[in-house]
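If you count the sequence shown from 1, you need to add 587 to reach our numbering. We treat Cβ as the ideally placed atom computed from N, Cα and C, and that holds for glycine. What you are looking at is a predicted structure, and each value in this text was computed from that prediction instead of being measured.
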Amino acid sequence: MQFADDGYIINMRKHGESSLILSVLTRSHGKVTGFVKNCLSKKNLPVYQLGNQLKIEAYARVDDNMLSLRTELITPSAVNFLGDGNKLRTLTSLCSLLNACLPEMDNLERFFYYIESFFNLINEDNWLTHYAYFEFYLLEYLGIGLDLSECSATGTTENLTYVSPKTGKAVCLEAGEPYKNRLYKYPRFILEQNYRPQPPELADLLNMTEFFLYKNFFASHGLKFPPTRVNLAEIVK
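This is the structure we're talking about:
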């Protein structure tokens, strides 16, 4: 097996004195984990940082063996996060979620676009919106996406105002108003790309995606929820 790709470092752990086991989220091959030999030197320290974009060449003599990786730095994306605690927190959350949720070598198709947009737009003033898009579409990629198309109680497509935590489906104003304290707010900005969400709307969506990721993926698979993701909505100001 042999291929080349590019992507972002989402996990790394030391192997021996001078090598790494590296997980890279790639454009065409999904999550790729492999062995990088003799890479831990002062010279390479800036290269192997969470979020950095790398070109990789992956190869294995036998398909069942762990891949070996040759790497080349494309973009030192990590520097965009290091001076801002909130941005760094979202980076570690994104990497932890991707590393925990994604299988090896699974084609991400359009989901990769939302991850790449987060990295490319991290210096824009609406960077947190792009993180919120990532989590919303992570649910979709995992097959546990929210149904925002119509009211689950009445079938109407008008005045969609809430999302049910039980079903993950939209609820209209009339049907949901008596139960509004038990429902999530409808994330209008997900479907209306030109709509700029206010901070409370971002916080509502982050609370909602945390709930559904925990309930429908981590808890149902018996997995520990990443501590780096817990209560991320706190950073919204």
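Residue i - partner residues in DSSP beta bridges
i: Ala-665; result: According to DSSP, Ala-665 bridges with nothing at all.
i: His-602; result: Ser-606
i: Ser-655; result: Phe-622, Tyr-646
i: Lys-753; result: Lys-753 pairs with nothing; no bridge assigned.
i: Tyr-595; result: Leu-612, Gln-640
i: Glu-691; result: Lys-618
i: Phe-590; result: Ala-645
i: Leu-747; result: Cys-759
CB contact flag (residue i, residue j, <9 Å)
i: Leu-627; j: Lys-618; result: no
i: Glu-797; j: Asn-768; result: no
i: Ala-757; j: Asp-791; result: no
i: Ile-596; j: Asn-631; result: no
Through-space distance from residue j to residue i, alpha-carbon basis
i: Arg-676; j: Thr-815; result: 7 Å
i: Ala-591; j: Asn-694; result: 14 Å
i: Leu-770; j: Asp-593; result: 40 Å
i: Phe-698; j: Ala-719; result: 13 Å
i: Asn-746; j: Leu-681; result: 32 Å
i: Glu-577; j: Phe-721; result: Residue 577 is absent from the model: the chain starts at 588 and stops at 824.
i: Pro-690; j: Ser-610; result: 11 Å
i: Met-692; j: Ala-665; result: 24 Å
i: Met-599; j: Lys-772; result: 36 Å
i: Gly-732; j: Met-795; result: 12 Å
Residue closest to residue i, alpha-carbon to alpha-carbon, out of the options
i: Thr-741; options: Thr-748, Tyr-724, Ile-731, Cys-759; result: Cys-759
i: Leu-678; options: Leu-810, Val-649, Tyr-749, Leu-715; result: Leu-715
i: Leu-800; options: Glu-788, Thr-754, Leu-725, Asn-781; result: Leu-725
i: Gln-780; options: Arg-648, Asn-713, Phe-805; result: Asn-713
i: Ser-683; options: Leu-637, Ile-709, Glu-727; result: Leu-637
i: Thr-744; options: Arg-775, Asn-686, Lys-824; result: Arg-775
i: Glu-581; options: Ser-739, Tyr-782, Tyr-749, Tyr-701; result: There is simply no residue 581 to check, as the chain begins at 588 and stops at 824 in what is shown.
i: Thr-754; options: Asn-803, Leu-708, Glu-703, Met-653; result: Asn-803
i: Lys-629; options: Val-649, Ser-605, Ser-610; result: Ser-605
i: Met-653; options: Thr-662, Asn-686, Pro-633, Ile-608; result: Ile-608
i: Lys-824; options: Leu-810, Phe-812, Glu-659, Pro-786; result: Pro-786
i: Phe-668; options: Leu-660, Glu-788, Ile-709; result: Ile-709
i: Ile-661; options: Ser-655, Val-634, Glu-696; result: Val-634
Residue range of the unbroken alpha helix (DSSP H) whose run includes residue i
i: Cys-682; result: 672 to 688
i: His-717; result: 714 to 728
i: Tyr-766; result: Note, Tyr-766: premise wrong, no alpha helix (DSSP H); not H, not E.
i: Ala-757; result: Here Ala-757 belongs to no alpha helix (DSSP H); instead the beta strand (DSSP E) covers 757 to 759.
i: Pro-787; result: 786 to 800
i: Ser-704; result: 698 to 707
i: Phe-776; result: 775 to 778
Contact test: residue i Cβ vs the ligand ZN heavy atom, cutoff 8 Å
i: Arg-614; result: This structure lacks the ligand ZN; in fact it carries no ligand of any kind.
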